[in-house]
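Count the sequence shown with full-length UniProt numbering and you get residues 513 to 799, in order.
Think of the CB as a built atom: it goes at the ideal place given N, C-alpha and C, for glycine as much as any other residue.
All figures in this text were calculated on a predicted structure; none of them were measured in a lab.
Taking it in order: structure first as structure tokens, then the write-up.
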Amino acid sequence: RAKTEGKGTYRFFEAAMGAQIRERRSIEHDLRGAIANNELSLAYQPQAQVETGEVNGFEVLLRWNHPARGNVPPALFIPIAEESGLILKLGEWVMREACREAATWMRPLTIAVNVSALQLTSDGFVEFIEATLGETKLPSHRLEIEITETALVRDPNRALHSLQRLKAIGVNIAMDDFGTGYSSLSNLRAFPFDKIKIDRSFIQAVHANPQAAAIVRAVLGLGRGLGLPVIAEGVETAEELRFLGLEGCAEAQGYLFGRPAPIKEFVPLISANVVTLPQPHVKAARN
Ligand code: C2E
Ligand code: MG
Ligand code: MG
Ligand code: MG
């Protein structure tokens with residue numbers, strides 16, 4: 513009996529896996545045409561000073577509006593783009609659009625762009641960045657690339673070489689999703705990072721879970737010790753922001769300050785004299 517049951521389960525998994533593979537192929541196929549079909553766009557999310565709410569810059573996040581599926585989450589299509597190599601073309605598109613956009617701003621805000629392992633270690637990546645900065649006339653210090661530790665594991669020597677060359681031309685480098693994945697502290701020393709981004713999962717657990725709070729404190733201490741600024745991602749509540757302010761975190765990003773949105777929604781903010789978000793900030797809460 514156990515044998516037949518096992519067989520049934522196996523067939524079930526086989527069928528499910530078949531469907532999953534077809535689904536991935538279909539997404540990969542459609543993604544191939546997404547740039548030409550104008551289905552891609554960029555969402556911008558503000559990064560702000562914890563104490564004042566002043567905006568330092570934006571992270572750019574890729575959006576795909578599929579004609580039949582609607583908005584496909586990056587968590588679904590980015591891994592497929594990475595495995596298929598499509599991320600190289602998509603990544604170039606994102607980088608060009610983002611730099612072009614940022615170069616038009618009235619204020620010298622930064623633009624943070626996510627870069628995958630495959631991009632970072634691909635031939636000509638640094639030259640591509642140089643060319644893009646040249647074409648768009650965006651000063652290199654206004655570009656920040658966000659790299660996860662997974663990107664370093666793939667081919668550490670090539671990754672290091674690219675990062676060193678990018679740093680030499682003035683591009684900033686942030687370690688994304690810090691605390692998840694490999695999180696080898698030696699990566700902070702071995703690679704030329706300019707900033708640490710604490711992963712959203714720790715920020716969101718800060719009040720429910722003392723371990724998460726301890727980890728956030730420890731990362732902030734690490735940042736101080738290494739002289740690296742720390743930004744908290746996924747800040748949704750005033751309480752989380754208050755905690756971060758009290759613990760000495762200078763910068764934050766999350767729904768509290770603004771959801772990722774088309775840049776037109778932020779244009780009034782960017783062209784204003786003082787770019788401050790209206791959210792309750794920490795100074796008031798402190799006293
Ligand atoms: P990430 O780089 O860690 O980006 C932050 C993610 O957290 C974004 O998800 C953003 O929408 C979300 N987020 C920001 N604030 C909050 C918050 O307060 N609460 C919650 N619940 N979520 C928040 P998104 O846009 O779905 O992107 C997911 C991931 O996909 C990104 O994580 C990044 O790894 C990847 N990705 C997105 N765009 C690109 C791209 O252009 N190139 C590459 N290589 N990867 C990208
Ligand atoms: Mg990121
Ligand atoms: Mg992140
Ligand atoms: Mg993340």
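Check, Outcome
"Which of helix, strand or coil DSSP assigns to residue 649", "coil"
"Within 8 Å, strictly: CB atoms of residue 771 and residue 561", "no"
"Among 580, 605 and 708, nearest to residue 660 - alpha-carbon criterion", "708"
"For residue 697, the nearest candidate out of 649, 564, 738 and 612 (CA to CA)", "738"
"Cβ-Cβ separation, residue 711 to residue 751 (assumed contact under 8 Å), whole Å", "The Cβ separation is near 18 Å, so there is no contact."
"Rounded C-alpha distance that separates residue 653 from residue 636", "20 Å"
"Cβ shell of residue 691 (< 7 Å), same chain only, five flanking positions each side left out", "710, 711, 714, 727 and 731"
"Contacting residues, own chain, Cβ-Cβ under 8 Å from residue 600 (five flanking each side not counted)", "630, 631 and 634"
"Residues near residue 761 by beta carbon distance below 7 Å, same chain, minus five either side", "562, 732, 742 and 744"
"Boundaries (first-last residue) of the alpha helix (DSSP H) holding residue 570", "Where residue 570 is concerned, there is no enclosing alpha helix (DSSP H), although the beta strand (DSSP E) it sits in stretches over 567–578."
"Cβ-Cβ distance between residue 774 and residue 553 below 8 Å", "yes"
"Check whether residue 626 and residue 688 have beta carbons under 8 Å apart", "yes"
"beta-carbon residue 765 near ligand 1 non-hydrogen atom, thresh 7 Å", "yes"
"Boundaries of the beta strand (DSSP E) in which residue 690 is found, first to last residue", "684–690"
"Residue 658 CB to nearest heavy atom of ligand 1 below 7 Å", "yes"
"Buried versus exposed, by CB contacts within 10 Å (16 or more), residue 684", "buried"
"Where residue 526 falls, given that 16 or more other Cβ within 10 Å makes a residue buried", "exposed"
"Given residue 680 as reference, the closest of 704, 686 and 694 once Cα atoms are compared", "704"
"Sequence-distant residues of its chain with Cβ nearer than 8 Å to residue 532 (five each side left out)", "none"
"First through last residue of the alpha helix (DSSP H) which encompasses residue 668", "668–680"
"Test item: CB-CB of residue 686 and residue 658 under 8 Å", "yes"
"DSSP three-state assignment for residue 732, whether helix, strand or coil", "helix"
"Residue from 758, 717, 724 and 776 whose Cα sits closest to the Cα of residue 748", "717"
"Proximity test, residue 539 beta-carbon vs ligand 1 heavy atom, cut-off 7 Å", "no"
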